[in-house]
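Every letter in the sequence shown is one number past the one before it in the UniProt record's numbering, and letter 227, counting from 1, is 227. Input: a single structure, listed below in structure tokens.
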Amino acid sequence: MSKPQLHPLGHESKVAHLSTGHHYRYVDIHPPKGVTAIVTALLLHGFPDSAYGWRHQVKGWSGRGIRLIIPDMLGYHGSSQPTDPEHYAMKRLSDDLEELIRKAGVPEGEKIIVIAHDWGAGVANRLIQFKPELVKGAANFCIPFMPPSTQYVPMEKYVELLPNFQYQAFFASPDSTALIDANAERFISLMYTSAKQAVTDKYPPFEKTGVIEAWLKDETKSVTSDLLSKEELNTIVSEIKAGVGFGAMLNYYRTRKINHELEKDLPQDIRPDIPKLMVIPSADSAVPATMSASAEKNLKNAEIAWIEGLCGHWVQLERPEESERIVGEWVERFAAKDWVP
Numbered sequence: 001m002s003k004p005q006l007h008p009l010g011h012e013s014k015v016a017h018l019s020t021g022h023h024y025r026y027v028d029i030h031p032p033k034g035v036t037a038i039v040t041a042l043l044l045h046g047f048p049d050s051a052y053g054w055r056h057q058v059k060g061w062s063g064r065g066i067r068l069i070i071p072d073m074l075g076y077h078g079s080s081q082p083t084d085p086e087h088y089a090m091k092r093l094s095d096d097l098e099e100l101i102r103k104a105g106v107p108e109g110e111k112i113i114v115i116a117h118d119w120g121a122g123v124a125n126r127l128i129q130f131k132p133e134l135v136k137g138a139a140n141f142c143i144p145f146m147p148p149s150t151q152y153v154p155m156e157k158y159v160e161l162l163p164n165f166q167y168q169a170f171f172a173s174p175d176s177t178a179l180i181d182a183n184a185e186r187f188i189s190l191m192y193t194s195a196k197q198a199v200t201d202k203y204p205p206f207e208k209t210g211v212i213e214a215w216l217k218d219e220t221k222s223v224t225s226d227l228l229s230k231e232e233l234n235t236i237v238s239e240i241k242a243g244v245g246f247g248a249m250l251n252y253y254r255t256r257k258i259n260h261e262l263e264k265d266l267p268q269d270i271r272p273d274i275p276k277l278m279v280i281p282s283a284d285s286a287v288p289a290t291m292s293a294s295a296e297k298n299l300k301n302a303e304i305a306w307i308e309g310l311c312g313h314w315v316q317l318e319r320p321e322e323s324e325r326i327v328g329e330w331v332e333r334f335a336a337k338d339w340v341p
């Protein structure tokens, strides 16, 4: 019998082979012996992260009785990495994740909750709409719960309306893959800068048009993330290089038209029947806190946990204990109410 493979999270890697032809590497962490399971949570990471991004929270959440199913998302090493953006449509990802949950042994009819960050939160926003029979609660880091647009907004117009997302035009372009692949370690170090680093003159406003591209092309530029140890940086970069590089994961940025066609008829009122939590930092340069404050006004049964002080996009790394506590206590509160909002 072959020896179980160890995931960078420090737990056994499992692989689910789906009817779509996709496979997903994931970790399944049950509560420790003597701790009663109160709910199953699906944890969804963003870009350019992986399941490893939850490393500071899994022990605490598991200890509270939360079973954790943590996949490496489609496009990331360990899971399928298709090149066609069609595979990354939120509807197709929702179908995949539902099947993954059942493959992991969650019985038909049993509902789960979703805990997500960045692009994972974008997927979670649609998963809870496409699969209402699957999800009974959702917690997003950084990203507000927002309905799909009823009108198609091309990338050019999107970044004009929301200048903080200007960097997405570069990520969506076919030119981004080769440049980022050639500068993998520098790119990861730049992406993982903290809020404290971002407010200094040494670090470029990477959300602005052309900044990341110009910075990567200038080989004299380098940063050292204060959120990652050298070992953590090496783990992240080696995982990416062990797969196809960044090309597959960048496909999430190339799905605006695809997603619009599949989502335009979804309800504008996002799951008013379930409790929703948004964990929002004060200094996320990519997703300003004002977006979440505005979104909350149009949501029912949603609450915001504001992360006070200087904290940026990588909440789970900048405030690891606070992130665990806020979501953990929220889960315990609603588990005690059988998820009635």
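In this text, a Cβ means the ideal position worked out from N, Cα and C, and glycines have one as well.
In terms of Cα proximity to residue 304, the closest of 103, 155, 168 and 275 is 275. The beta carbons of residue 311 and residue 292 sit no closer together than 7 Å.
In this structure, the beta-carbon distance from residue 285 to residue 182 does not fall below 7 Å. The residue among 319, 273, 210 and 306 with its C-alpha nearest the C-alpha of residue 339 is 273. Annotation for residue 114: the continuous beta strand (DSSP E) segment containing it runs 112-117. Residue nearest to residue 194 within the set 8, 314, 236 and 119 is 314 (criterion: CA-CA distance).
Relative to residue 78, the option among 7, 34 and 99 whose CA is nearest is 7. Sequence-distant partners of residue 228 (beyond 5 residues in either direction) whose C-beta falls short of 6 Å from its own C-beta, in its chain, are 192. Less than 7 Å divides the Cβ of residue 131 from the Cβ of residue 94.
Taking residue 253 as reference, the option from 264, 301, 325 and 170 with the minimal CA-CA separation is 170. Bounds of the beta strand (DSSP E) holding residue 24 are 23-29.
Note on residue 161: under 16 other CB atoms within 10 angstroms of its CB, so exposed under the neighbour-count rule. Here residue 180 has 187 and 246 as same chain residues with Cβ atoms under 6 Å from its own Cβ, once five neighbours each way along the sequence are excluded. In the structure shown, residue 16 falls within a strand segment according to DSSP collapsed to helix, strand and coil. Boundaries cannot be given for residue 206, as no beta strand (DSSP E) includes it and DSSP labels it neither H nor E.
Across the set 259, 16, 207 and 221, the C-alpha of 16 shows the shortest separation from the C-alpha of residue 104. Closest in alpha carbon position to residue 173, among 185, 154, 11 and 184, is 154. For the options 326, 266 and 287, the alpha carbon positioned closest to that of residue 277 is the one of 326.
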